[in-house]
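See the structure below:
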């Protein structure tokens, strides 16, 4: 009986972890880690006088598939879904 109870508890805990984005990487995930996968870009003024506000940005790594603007990803700061096809 004790073994069954432990098994049920483990199933419930792993189900919650999977639902929070710890699953197999499918679908949208708003999981955000404070590790070094991103950095802050300070605001600046373009040559035409337009001001660009400071913002968070993913670190460059040679792939477009993990950028927040890529389809299937969600920007954890704005909640906005990506719209750019990373295969192009």
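In the numbering used here, the protein residues as written are -2 to 85. Note that beta-carbon positions come from the ideal geometry of N, C-alpha and C, so glycine has one too.
{"Check": "If distances are taken between C-alpha atoms only, which option among 75, 61 and 40 comes closest to residue 51?", "Outcome": "40"}
{"Check": "Helix, strand or coil: how does DSSP classify residue 44 here?", "Outcome": "coil"}
{"Check": "Near residue 34, which residues of its chain fall below 7 Å by C-beta distance, leaving aside the five closest residues on each side in sequence?", "Outcome": "55 and 56"}
{"Check": "Quick one: using the 10 Å Cβ neighbour count with 16 as the cut-off for buried, is residue 58 buried or exposed?", "Outcome": "exposed"}
{"Check": "Who are the Cβ neighbours of residue 72 in its own chain at under 6 Å, not counting the five residues just before and after it?", "Outcome": "65"}
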